[in-house]
Amino acid sequence: MSERHLPAHIAAALAANTADSAGQAWAGRDLSGEGNPLHNFDDDDGAAPPAYTQAVDRLLAGTSDETGVLAALAGVRLFVPVVAQLAGVTGDGEPHPHADHGNGGGIPEGDKEADMALVTLKAPDGRTALPVFSSSAALAAWHPEARPVAVYAPRAALSAVADGAELLVIDPGAHFTFVVRRPALWALAQQLQWRPAYSDPGIADLVAQITGEEPAILRVALGPGSGVPARAADGTLASGGGPGPEVRLQITLRDGLAGDAVQAVVQQLQDRLRATTEFVERVDSLEVVLTR
6 MSERHLPAHI AAALAANTAD SAGQAWAGRD LSGEGNPLHN FDDDDGAAPP
56 AYTQAVDRLL AGTSDETGVL AALAGVRLFV PVVAQLAGVT GDGEPHPHAD
106 HGNGGGIPEG DKEADMALVT LKAPDGRTAL PVFSSSAALA AWHPEARPVA
156 VYAPRAALSA VADGAELLVI DPGAHFTFVV RRPALWALAQ QLQWRPAYSD
206 PGIADLVAQI TGEEPAILRV ALGPGSGVPA RAADGTLASG GGPGPEVRLQ
256 ITLRDGLAGD AVQAVVQQLQ DRLRATTEFV ERVDSLEVVL TR
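Residue numbers (our numbering): 6 to 297.
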């Protein structure tokens, strides 16, 4: 896929950054009393939010899909891990504004010049991911030295976008890890409903329009990509929560095409999809399967 630029409304929100995730301006806000947003989690015992755990249970039971998990995330608290590090230095000794990628290397102990920094991960495909946790226990098990910062999930998503991350990884190393892919991450940051691209009629219509102009293509079909399912530690396979590929595009070609002609058709199709802004923004990752 080609480089994806932030939609203008997300970029504007990051540039302004003058309001909380609900749109309430910080300027002039009275932080005294029970209305203080800093006290939203005073009574939080650190346990996983029931709305999230119930959505995951339904996903693992096969009675719901990943849209149910995203809907639950819109209103729950998560923990973002931060770690102490020398100002401007990562675990490999190179200047960098972020912490070492989740391996705990180079974290100074008792250093008065230490800063607190977000922890980021590298996904297998090289993309940056922000790890977050549904409970303080899950975070402590993953990184005992990390400090939990409680935030609502949309704020965590906005922080991930601001940090250049394309994935939000919930509970890495736990019984079940759920990955919020880039389009869902952007929707969560904006507090908008999300629908997977593989089941979105708008994406199907867009692909049909683009492929319909190629006489060598008989038909196309969209479905979940091979990277959508996610497996729990006990082997249970869930129908969502994987890092991608998100969309499987099955293309049926006319018989009699030579190998170079097939390659040309596929290349032209991929070029047209990459040049379509709506497709690039709404589809996280794509795999193409050819049939005759």
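Note that CB positions come from ideal geometry on N, CA and C, so glycine has one too.
Residue nearest to residue i in terms of C-alpha spacing, selected from the options
i	options	result
Gln59	Asp50, Gly51 and Val81	Val81
Leu64	Leu135, Asp176, Arg236 and Ser139	Arg236
Arg224	Ala269, Asp70, Ile256 and Asp289	Ile256
Ala238	Val267, His180 and Gln272	His180
Leu291	Leu78, Ala122, Val212 and Ala134	Val212
Asp62	Leu242, Ala170 and Val85	Leu242
Ala128	Glu286, Ala56 and Arg186	Arg186
Glu218	Ala280, Ser164, Leu274 and Gly207	Leu274
Gly73	Gln268, Ala280, Ala170 and Gly245	Gly245
Leu123	Val166, Ala266 and Ala269	Val166
Leu258	Leu295, Asp210, Gly131 and Thr182	Leu295
His148	Asp130, Thr125, Phe284 and Gly131	Thr125
Val267	Pro55, Gly131 and Ile222	Ile222
Residue i and residue j closer than 7 Å at C-beta
i	j	result
Pro159	Gln196	yes
Leu75	Ala161	no
Val184	Leu193	no
Gly247	Pro229	no
Arg287	Pro206	no
Thr216	Gly169	no
Pro86	Ala151	yes
Tyr57	Ala77	yes
Asp265	Arg297	no
Leu144	Pro153	yes
Ala209	Leu190	no
N-terminal and C-terminal residue of the beta strand (DSSP E) that residue i is part of
i	result
Leu291	Leu291 to Thr296
Pro177	It is not in any beta strand (DSSP E) - Pro177 carries neither H nor E in the DSSP assignment.
Val137	Thr133 to Val137
Val212	Not the beta strand (DSSP E): Val212 falls in the alpha helix (DSSP H), residues Pro206 to Thr216.
Simplified DSSP assignment, three categories, for residue i
i	result
Val233	coil
Arg160	helix
Arg279	helix
Phe284	helix
Val81	coil
Ala122	strand
Leu262	coil
Ala238	coil
Ala155	strand
Ala269	helix
Ala298	Because the chain here runs from 6 to 297, residue 298 falls outside it and cannot be looked at.
Ala52	coil
Ala202	helix
Boundaries of the alpha helix (DSSP H) in which residue i is found, first to last residue
i	result
Phe181	First-last for Phe181: undefined, no H or E at that position.
Val61	Pro55 to Ala66
Arg187	Arg187 to Gln195
Leu254	Note, Leu254: premise wrong, no alpha helix (DSSP H); beta strand (DSSP E) at Val252 to Leu258.
Val74	Glu71 to Leu78
Trp147	Ser141 to Trp147
For this session: Count the C-beta pairs between the region 185-202 and the region 233-253 that are closer than 8 Å, then say yes if the count reaches three, no if not.
Result: The region 185-202 vs the region 233-253: in contact.
Exercise. Are at least three pairs of beta-carbons, each pair with one atom in the region 138-153 and one in the region 175-184, less than 8 Å apart?
Worked result: yes
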